[in-house]
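> Pasting a structure here, questions to come.
Numbering (UniProt numbering), first residue to last: 1 to 177.
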């Protein structure tokens, strides 16, 4: 894969710790970075974002080769990690910093995200409407190093959080089988 063929995708789906692994393990993914985007504070810290005063959302930024793993597939994986009917946060994590957002980097990504959202809404999978925001990507600030690859560094903590937050049960009930 050449650097010129790589693209960027940015998704917010609640706690960024839980969003990395499902993408990181896919073919054609060069890297997944946890961070913050969509707010007004330059280079915010985790503590600042958690305070709710920065306007930022916890997100992941994915560098990928679209010839191996398409943006359409990324969006499909994204939906299956979230509760797309909850605009006020994800699972136990509440507030704007945990809201679900697909941040598009170009018009093609915007169109793919909007069509996918409409299809999911029309599918009848959920009784409530799909409320995940689709917004233009803004400056992305990588999170502190201890947040990067959390699922690898703190495996037991990560797995416990997946269960305790309600994310694992929701995904099993709504997306498996």
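From the three backbone atoms N, C-alpha and C, an ideal C-beta is built for every residue, glycine too.
Between the Cα of residue 35 and those of 57, 53, 26 and 29, spot the shortest distance and give me the residue it belongs to.
Cα-wise, what sits closest to residue 35 is 57.
> What residue range is occupied by the uninterrupted alpha helix (DSSP H) comprising residue 51?
Residue 51 -> alpha helix (DSSP H) spans 46-51.
> Determine, using beta-carbon pairs with one atom in the segment 29-49 and one in the segment 76-85, whether at least three such pairs fall under 8 Å.
In short, these stretches do not touch, since the Cβ pair count stays below three.
> Since residue 77 contacts residue 112 with CB under 8 Å, what's their CB separation in whole angstroms?
Not confirmed; about 13 Å, so no contact.
> Cα-Cα, which of 8, 155, 122 and 3 is closest to residue 71?
Cα-wise, what sits closest to residue 71 is 8.
> Are residue 167 and residue 91 closer than 7 Å when you measure CB to CB?
Result yes, Cβ atoms of residue 167 and residue 91 sit closer than 7 Å.
> Residues in its own chain within less than 6 Å of residue 1 by CB, not counting five upstream and five downstream?
Note on residue 1: pLDDT 49, under 50, position unreliable in the model; the coordinate value appears next. 65.
> Just how far apart, CA to CA, sit residue 17 and residue 161?
C-alpha separation (whole angstroms): 9 Å.
> By DSSP, does residue 83 sit in helix, in strand, or in coil?
Reduced to three states, the DSSP call for residue 83 is coil.
> Do the CB positions of residue 22 and residue 109 come within less than 7 Å of each other?
For residue 22 and residue 109, no; Cβs fall outside 7 Å.
> Would you list, in sequence order, the uninterrupted beta strand (DSSP E) runs of no fewer than 3 residues that lie entirely inside the segment 85-165?
Those beta strand (DSSP E) runs which fall completely within the segment 85-165 and span 3+ residues are 100-104, 133-136 and 140-142.
> State the DSSP-derived secondary structure class of residue 75, mapped to helix, strand or coil.
It is helical.
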